[in-house]
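**Student:** What follows is a single structure, and I will ask about it in a moment.
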């Protein structure tokens, strides 16, 4: 739902040009609220909601208040609203977009006047323009393609046509999936047999699962060929074990050294390993320890996407949840939301996905972004 930027905006059309690049797609029938932080107007939280949801007589007010709460927690000094709808709302009395904007303005009176811009299929315009400042149908959309924002961001993020495409993962061929499925099934059986034998056998299986993950990451960092079926199948099966999943999660954070292996040793997690995992999570969540995702995150993402692409469609809650965590950590809220939706379709009770989905819904941002937002504006 939310994403962030450190970009400074000075003109309305720069705001309109920025939105698709930040959320990764061009919204449809939506309202996007932008938090502008500090006297220099740097963009903070950017949250998208459906027009229909905001205009809903029963839940619209509650949703508007929730959204305003997120903007307040972000430290917004002012707010800009951008409405995406097919036609000019001014031409239709009682248009849902007008009701949606009215609700947000009422809920966010503390921010002062909220400017509201509209992007239609043919142009862009000021929703409050009544004296002819905006021509019929709005100004041409081509004007948004020549802004400074576009020049700075066009090479950094691809804008896709639909929201769903932000988190699209193309499935591998049927033959490749069958090969991975065979490995996955054998590795899962081996894990179940190890659990029956005893703690030591299960520990060896878990350690082997972590080693496979580390090995595939190392191969990718070294520029080797794409992940192989044996590795992908073992990773998919291993991630179903919560302790292996937490060990893989720990590898996503720099400086965890031998913590992932410590997390899978013994019948229960040792207190020092449990503390180490908490510290690793703090590096993602908490502002006092928050760090940015490391450079190797791109390798982690590609490997997990390969697991999803080659794995069984309805058994990808662990990999999709870890991908969502990496997306959220990187400030890609829309992608995180979609991946979490996919994870919960696979397993509605998957606890880590549910916890992260609640955090994203509440507008919580990763620790390093909280630190950045807390710094005084310079100049």
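In the working numbering, the protein residues as written are 183 to 561. Glycine is no exception: its CB is placed at the ideal position from the N, C-alpha and C atoms.
On the three-state DSSP scale, how would you describe residue 209?
**Tutor:** As a working note, residue 209 is residue 27 in the chain shown. It is coil, neither helix nor strand.
**Student:** At the level of alpha carbons, what is the spacing between residue 517 and residue 413?
**Tutor:** Here the question's residue 517 lines up with position 335 in the chain shown. Here the question's residue 413 lines up with position 231 in the chain shown. Distance between the alpha carbons of residue 517 and residue 413 is about 26 angstroms.
**Student:** State the DSSP-derived secondary structure class of residue 259, mapped to helix, strand or coil.
**Tutor:** To locate residue 259, count along the chain shown from 1; it is residue 77. Residue 259 falls in the coil class under three-state DSSP.
**Student:** If you run the structure through DSSP and keep just helix, strand and coil, what is residue 308?
**Tutor:** Residue 308 sits at position 126 when you count from the first residue of the chain shown. Strand at residue 308.
**Student:** Classify residue 390 as helix, strand or coil using the three-state DSSP reduction.
**Tutor:** What you label residue 390 is simply residue 208 of the chain shown in a count that begins at 1. In the structure shown, residue 390 sits in a helix (DSSP, three-state: H, G or I).
**Student:** Shortest alpha-carbon distance to residue 322 belongs to which of 356, 275, 302, 257?
**Tutor:** On the chain shown, position 140 is the one that residue 322 refers to. The shortest Cα separation from residue 322 among 356, 275, 302, 257 belongs to 302.
**Student:** Counting only the same chain and skipping the five closest in sequence on each side, list residues whose C-beta sits under 6 angstroms from that of residue 487.
**Tutor:** By one-based count along the chain shown, residue 487 stands at place 305. For residue 487, where only same-chain residues beyond five positions count, the Cβ hits under 6 angstroms are 351.
**Student:** Put residue 455 into one of helix, strand or coil per three-state DSSP.
**Tutor:** Residue 455 sits at position 273 when you count from the first residue of the chain shown. The answer is helix: DSSP assigns residue 455 an H, G or I state.
**Student:** If you run the structure through DSSP and keep just helix, strand and coil, what is residue 280?
**Tutor:** The residue you call residue 280 lines up with position 98 of the chain shown. Note: residue 280 maps to helix in three-state DSSP.
**Student:** Quick one: what does DSSP say residue 397 is sitting in, helix, strand or coil?
**Tutor:** Locating residue 397 in the chain shown gives position 215, where the first residue counts as 1. In the structure shown, residue 397 sits in a helix (DSSP, three-state: H, G or I).
**Student:** Residues in the same chain with beta-carbon distance under 8 angstroms from residue 449, minus the five sequence neighbours each way, listed in chain order, please.
**Tutor:** The residue given as residue 449 occupies position 267 in the chain shown. For residue 449, where only same-chain residues beyond five positions count, the Cβ hits under 8 angstroms are 381.
**Student:** In whole angstroms, what is the alpha-carbon distance linking residue 221 and residue 259?
**Tutor:** Counted from its first residue, the chain shown places residue 221 at position 39. Counted from its first residue, the chain shown places residue 259 at position 77. Their backbone Cα atoms lie some 8 angstroms apart in a straight line.
**Student:** Just verifying my parser: in three-state terms, what is the DSSP assignment at residue 229?
**Tutor:** As a working note, residue 229 is residue 47 in the chain shown. Reduced to three states, the DSSP call for residue 229 is strand.
**Student:** Starting from residue 530 and walking both ways along the alpha helix (DSSP H), at which residues does that stretch end?
**Tutor:** To locate residue 530, count along the chain shown from 1; it is residue 348. From DSSP, residue 530 is part of no alpha helix (DSSP H); its letter is neither H nor E.
**Student:** Can you say whether residue 228 is buried or exposed, counting buried as having 16 or more other CB atoms within 10 angstroms of its CB?
**Tutor:** Your numbering for residue 228 matches position 46 in the chain shown. When all chains shown are included, residue 228 counts as buried.
**Student:** Is residue 336 helix, strand or coil by DSSP?
**Tutor:** Stepping through the chain shown from its first residue, residue 336 is reached at position 154. Only weak support is given to the placement of residue 336: the predicted model assigns it a pLDDT of 44, under 50, and the question is left unresolved by the model.
**Student:** When DSSP labels each residue in this structure, what does residue 322 get in the three-state scheme?
**Tutor:** Within the chain shown, the letter at position 140 stands for residue 322. Of the three classes helix, strand and coil, the one that applies to residue 322 here is strand, per DSSP.
**Student:** If you compare alpha carbons, which of 206, 465, 531, 477 is closest to residue 497?
**Tutor:** One-based indexing of the chain shown puts residue 497 at position 315. Minimum Cα distance to residue 497 is reached at 531.
**Student:** Looking only at its chain, what residues have a beta carbon closer than 8 angstroms to the beta carbon of residue 315, apart from the 5 residues adjacent to it on each side?
**Tutor:** Within the chain shown, numbered from 1, the residue matching residue 315 stands at position 133. These residues qualify, in order along the chain: 308.
**Student:** Near residue 210, which residues of its chain fall below 7 angstroms by C-beta distance, leaving aside the five closest residues on each side in sequence?
**Tutor:** Within the chain shown, the letter at position 28 stands for residue 210. Cβ within range, chain order: 266.
**Student:** Using the rule of at least 16 other Cβ atoms within 10 Å of the residue's Cβ for burial, across every protein chain shown, is residue 244 buried or exposed?
**Tutor:** Counting from 1 along the chain shown, the entry for residue 244 is found at position 62. The residue in question, residue 244, is exposed, as its Cβ has fewer than 16 Cβ neighbours within 10 Å.
**Student:** I'd like to check one pair, residue 409 with residue 398: are the Cβ atoms closer than 8 angstroms?
**Tutor:** Stepping through the chain shown from its first residue, residue 398 is reached at position 216. Stepping through the chain shown from its first residue, residue 409 is reached at position 227. In this structure, residue 409 lies closer than 8 angstroms to residue 398 by Cβ.
**Student:** What residue range does the beta strand (DSSP E) around residue 473 cover?
**Tutor:** In the chain shown, counting from the first residue as 1, residue 473 sits at position 291. Premise fails: residue 473 is in no beta strand (DSSP E) and is neither H nor E.
**Student:** Under 6 angstroms Cβ to Cβ from residue 335, same chain only, skipping five residues before and after it: list those, please.
**Tutor:** Position 153 of the chain shown holds residue 335. For residue 335, the predicted model reports a pLDDT of 45, less than 50, meaning its position is unreliable; a value from the coordinates is still stated below. Here the set comprises 203.
**Student:** Can you give the Cα-Cα distance for residue 501 and residue 193, rounded to whole angstroms?
**Tutor:** Against the chain shown, residue 501 aligns to sequence position 319. Against the chain shown, residue 193 aligns to sequence position 11. When rounded, the distance between both Cα atoms is 41 angstroms.
**Student:** Assign residue 199 to one of two classes, buried (16 or more other C-beta atoms within 10 Å of its C-beta) or exposed (fewer than that).
**Tutor:** Counting from one through the chain shown, the residue named residue 199 turns up at place 17. The residue is buried, with at least 16 neighbouring Cβ atoms inside 10 Å.
**Student:** What separation, rounded to the nearest whole angstrom, lies between the Cα atoms of residue 254 and residue 262?
**Tutor:** Working through the chain shown from its first residue, we reach residue 254 at position 72. Working through the chain shown from its first residue, we reach residue 262 at position 80. Those two C-alpha atoms are separated by around 13 angstroms.
**Student:** Whole angstroms is fine: what's the gap from residue 271's alpha carbon to residue 216's?
**Tutor:** Mapped onto the chain shown, residue 271 falls at position 89. Mapped onto the chain shown, residue 216 falls at position 34. Those two C-alpha atoms are separated by around 20 angstroms.
**Student:** Can you look up residue 422 in the DSSP assignment and give me helix, strand or coil?
**Tutor:** Here residue 422 corresponds to residue number 240 of the chain shown, with the count starting at 1. Residue 422 falls in the coil class under three-state DSSP.
**Student:** Ignore the nearest five residues each way along the sequence and tell me which others in residue 241's own chain have a CB closer than 8 angstroms to its CB.
**Tutor:** By 1-based counting over the chain shown, the position of residue 241 is 59. Counting only Cβ-Cβ distances below 8 angstroms, and skipping sequence neighbours, we find 235.
**Student:** Is there at least one Cβ from chain D nearer than 8 angstroms to residue 218's Cβ?
**Tutor:** In summary, chain D is missing from the structure at hand, where a single protein chain is found.
**Student:** Taking the C-alpha atoms as reference points, what is the distance between residue 509 and residue 300?
**Tutor:** The residue given as residue 509 occupies position 327 in the chain shown. The residue given as residue 300 occupies position 118 in the chain shown. Spanning the two alpha carbons is a distance of roughly 28 angstroms.
**Student:** With DSSP run on the structure shown, which of helix, strand or coil describes residue 224?
**Tutor:** Taking the chain shown and counting its residues from 1, the one referred to as residue 224 is at position 42. Here residue 224 sits in strand by DSSP.
**Student:** When DSSP labels each residue in this structure, what does residue 514 get in the three-state scheme?
**Tutor:** Against the chain shown, residue 514 aligns to sequence position 332. Reduced to three states, the DSSP call for residue 514 is strand.
**Student:** Once the 5 residues before and after residue 383 are set aside, which same chain residues still bring their CB inside 6 angstroms of it?
**Tutor:** The residue labelled residue 383 in the question sits at position 201 within the chain shown. Taken in chain order, the residues that qualify are 376.
**Student:** Buried or exposed: which applies to residue 426, given that a residue is buried once 16 or more other Cβ atoms fall within 10 Å of its Cβ?
**Tutor:** For the purposes of this step, residue 426 is taken as the residue at position 244 of the chain shown. Looking at its Cβ environment, which holds 16 or more other Cβ atoms inside 10 Å, residue 426 is buried.
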